[in-house]
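Protein chains: 2
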Amino acid sequence: MLDRPPEFYFPAPRRQQFCSQCGTPVSLAVPPGDNRLRDLCHSCGAIHYQNPRMVVGSIPLWQDRVLLCLRAIEPRRATWTLPAGFMELAETTRQGAARETLEEAGAEVSIGELYTVIDIPQADQVHFFFLAQASSPALDPGPESLAARYFALDEIPWEQLSFHSVVSTLQHFVADAAAGHFPTRHLSLGS
Amino acid sequence: MLDRPPEFYFPAPRRQQFCSQCGTPVSLAVPPGDNRLRDLCHSCGAIHYQNPRMVVGSIPLWQDRVLLCLRAIEPRRATWTLPAGFMELAETTRQGAARETLEEAGAEVSIGELYTVIDIPQADQVHFFFLAQASSPALDPGPESLAARYFALDEIPWEQLSFHSVVSTLQHFVADAAAGHFPTRHLSLGS
């Protein structure tokens, strides 16, 4: 940890000004053999690619109730969400979903099948939600959550949900719960 | 394009030396409220997160034959692969799979259902392969391919395939083709 932390911001913008390898100002140009603009370093030759990010989360269940977390952070502070967050290096999507569920809700879950894969091109993201079973009803919301609680399916606060991917995943889940069958679904929001 | 291109390299390493926003040397530290080491800038406050990347591709079919490309580039030069590559910003996984199929094989395909999602944590990647139907047998391999051709399922060059994710996807595809049913499969390679 730092002695006197500056005002850190999250995250660094995608658009680069300087080369991350040698510190020289970069310029936007199409590299040889490529067909897209990239941040290029004319000093050391680094090509700085940008790629979409993955968000991984779960649909934790305890006795037919689904766990939602009240967001303590922007965007969409004070709205309800399924526990989810950016996938980290050196983990699987399933491990990431379990980690985020523990970090945001303090819930220990057994992660089951992949349920939704959701393209969100306007945000440069793909979201993954897994079916999950809690091993106890115990919750301990982390610093990114104001609260965490289990909702019966007919109590879900549809008007106060955080993101379209959460709404879409829960809508499919409620419909599939009536049918008792939860196939993996690939969805696209926008574009 | 550049007048006198330097020797560009691909891609810039994940580990940063300098802040991409202000050019100051970064240091590896745990930001306040976080639990992982990140590249931090103590000058402008940028936190440089790193996340896994997605590779998107297809299993293009023409009259029960599957399209493979002979790689012209490292890694695994001169081995056969399904057309696939890194997902770009502002596209869906499906659009990315169609783009890569066109770029690497010159094949115009209609992208169908999501078939495999494959975690590869040791490479910090998740691979996606879609079922795809070619609209004609025409091929025009791009600069990343030495050749492209359609193989009958009993002609697949199993010993000369490029990556485990390609082997695994084709193994499932051949088995599912016998059954005539192609469910979305979530797989994990390693870890």
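For the record, the sequence lines run as chains P and H.
For the record, in the first sequence the residue sitting at position 21 is 21 according to my numbering, with numbers rising by one throughout.
Position in the second sequence (from 1) plus 191 gives the number in my numbering.
The beta carbon of each residue, even a glycine, is placed where N, CA and C say it ideally should be.
To the nearest angstrom, how far is the alpha carbon of residue i from that of residue j?
{"i": "SER379 of chain H", "j": "VAL358 of chain H", "result": "13 angstroms"}
{"i": "VAL26 of chain P", "j": "ALA370 of chain H", "result": "53 angstroms"}
{"i": "PHE277 of chain H", "j": "MET245 of chain H", "result": "6 angstroms"}
{"i": "LEU2 of chain P", "j": "ASN226 of chain H", "result": "Residue confidence is low: LEU2 of chain P scores 44 on pLDDT, short of 50, so the model does not pin down where it sits. Its coordinate-derived value is still stated next. When rounded, the distance between both Cα atoms is 13 angstroms."}
{"i": "THR92 of chain P", "j": "VAL56 of chain P", "result": "10 angstroms"}
{"i": "ARG268 of chain H", "j": "LEU261 of chain H", "result": "8 angstroms"}
{"i": "LEU293 of chain H", "j": "GLY33 of chain P", "result": "15 angstroms"}
{"i": "GLU74 of chain P", "j": "CYS44 of chain P", "result": "37 angstroms"}
{"i": "PHE173 of chain P", "j": "PHE182 of chain P", "result": "7 angstroms"}
{"i": "HIS164 of chain P", "j": "ASP255 of chain H", "result": "38 angstroms"}
{"i": "ASP140 of chain P", "j": "ALA105 of chain P", "result": "6 angstroms"}
{"i": "ILE289 of chain H", "j": "PRO251 of chain H", "result": "For clarity, residue 289 of chain H is Ala in the given sequence; the question names Ile instead. Taking the straight line from one Cα to the other gives about 10 angstroms."}
{"i": "THR270 of chain H", "j": "GLN351 of chain H", "result": "5 angstroms"}
{"i": "PHE18 of chain P", "j": "CYS210 of chain H", "result": "7 angstroms"}
{"i": "ARG229 of chain H", "j": "VAL257 of chain H", "result": "43 angstroms"}
{"i": "ASP119 of chain P", "j": "PHE128 of chain P", "result": "9 angstroms"}
{"i": "SER326 of chain H", "j": "GLY287 of chain H", "result": "18 angstroms"}
{"i": "GLN21 of chain P", "j": "ALA138 of chain P", "result": "46 angstroms"}
{"i": "TYR49 of chain P", "j": "ALA203 of chain H", "result": "8 angstroms"}
{"i": "TRP62 of chain P", "j": "VAL117 of chain P", "result": "23 angstroms"}
{"i": "VAL30 of chain P", "j": "CYS41 of chain P", "result": "12 angstroms"}
{"i": "GLN207 of chain H", "j": "PHE151 of chain P", "result": "43 angstroms"}
{"i": "ARG195 of chain H", "j": "PRO334 of chain H", "result": "Caution applies to ARG195 of chain H, whose pLDDT of 47 falls short of 50 and renders its modelled position unreliable; the value that the coordinates give is listed next. Going from the Cα of ARG195 of chain H to the Cα of PRO334 of chain H covers about 21 angstroms."}
{"i": "ASP367 of chain H", "j": "VAL109 of chain P", "result": "31 angstroms"}
{"i": "LEU68 of chain P", "j": "ARG185 of chain P", "result": "21 angstroms"}
{"i": "PRO157 of chain P", "j": "SER145 of chain P", "result": "16 angstroms"}
{"i": "PRO243 of chain H", "j": "GLY381 of chain H", "result": "15 angstroms"}
{"i": "PHE130 of chain P", "j": "LEU322 of chain H", "result": "22 angstroms"}
{"i": "ALA147 of chain P", "j": "LEU114 of chain P", "result": "26 angstroms"}
{"i": "GLN125 of chain P", "j": "ALA281 of chain H", "result": "9 angstroms"}
{"i": "THR81 of chain P", "j": "SER58 of chain P", "result": "10 angstroms"}
{"i": "GLU279 of chain H", "j": "ARG205 of chain H", "result": "17 angstroms"}
{"i": "ALA263 of chain H", "j": "GLU155 of chain P", "result": "56 angstroms"}
{"i": "GLY23 of chain P", "j": "ALA314 of chain H", "result": "26 angstroms"}
On the DSSP bridge list, what partners appear for residue i?
{"i": "THR272 of chain H", "result": "H:CYS260"}
{"i": "ASP119 of chain P", "result": "P:VAL126, P:SER188"}
{"i": "GLY57 of chain P", "result": "P:ALA84, P:PHE129"}
{"i": "HIS239 of chain H", "result": "H:ASP230"}
{"i": "ARG206 of chain H", "result": "Paired residue(s): none; ARG206 of chain H is not in a bridge."}
{"i": "SER27 of chain P", "result": "P:LEU40"}
{"i": "PHE342 of chain H", "result": "H:VAL257"}
Give the DSSP-derived three-state secondary structure of residue i in the structure shown.
{"i": "GLN324 of chain H", "result": "strand"}
{"i": "GLY287 of chain H", "result": "helix"}
{"i": "SER301 of chain H", "result": "strand"}
{"i": "PHE336 of chain H", "result": "Reading the sequence as shown, one finds Ser at residue 336 of chain H and not Phe. SER336 of chain H: strand per DSSP, three-state reduction."}
{"i": "ILE352 of chain H", "result": "Checking the sequence shown, residue 352 of chain H turns out to be Leu, not Ile. Note: LEU352 of chain H maps to strand in three-state DSSP."}
{"i": "PHE364 of chain H", "result": "helix"}
{"i": "ALA369 of chain H", "result": "helix"}
{"i": "LEU330 of chain H", "result": "coil"}
{"i": "ALA296 of chain H", "result": "helix"}
{"i": "SER168 of chain P", "result": "helix"}
{"i": "ARG4 of chain P", "result": "Only weak support exists for where ARG4 of chain P lies, its pLDDT of 47 falling under 50; the value from the coordinates is given anyway. Looking at ARG4 of chain P - three-state DSSP - the assignment turns out to be coil, as it is neither helix nor strand."}
{"i": "CYS213 of chain H", "result": "coil"}
Can you find a heavy atom of the ligand ZN that lies under 7 angstroms from the Cβ of residue i?
{"i": "THR375 of chain H", "result": "This structure does not include the ligand ZN; it has no bound ligands of any sort."}
Closer than 8 angstroms, CB to CB, is residue i near chain C or not?
{"i": "GLN316 of chain H", "result": "No chain C appears in this structure, whose protein chains are P and H."}
**Request:** Anything in the region 73 to 94 of chain P with a Cβ closer than 9 angstroms to a Cβ of chain H? List those residues in chain order, please.
**Result:** From the region 73 to 94 of chain P, only PHE86, MET87, GLU88, LEU89, ALA90, GLU91, THR92, THR93, ARG94 have a Cβ closer than 9 angstroms to chain H.
**Prompt:** Between the region 244 to 255 of chain H and chain P, which residues of the former have a C-beta closer than 7 angstroms to a C-beta of the latter?
**Reply:** So the list reads ARG244, MET245, given in the order they occur along the chain.
**Message:** Give me the subset of the region 306 to 333 of chain H whose CB atoms are less than 7 angstroms from a CB atom of chain P, sorted by chain position.
**Reply:** Of all residues in the region 306 to 333 of chain H, those with a C-beta nearer than 7 angstroms to a C-beta of chain P are VAL308, ASP310, PRO312, ASP315, VAL317, reading in chain order.
**Members of the region 39 to 50 of chain P that neighbour chain H once the beta carbon cut-off is set at 9 angstroms** = Within the region 39 to 50 of chain P, contact with chain H at the beta-carbon level (separation under 9 angstroms) is assigned to ASP39, LEU40, CYS41, HIS42, SER43, CYS44, GLY45, ALA46, ILE47, HIS48, TYR49, GLN50.
**Prompt:** Relative to chain H, which residues along the region 143 to 175 of chain P have a C-beta separation below 8 angstroms, given in chain order?
**Reply:** Within the region 143 to 175 of chain P, contact with chain H at the beta-carbon level (separation under 8 angstroms) is assigned to PRO143.
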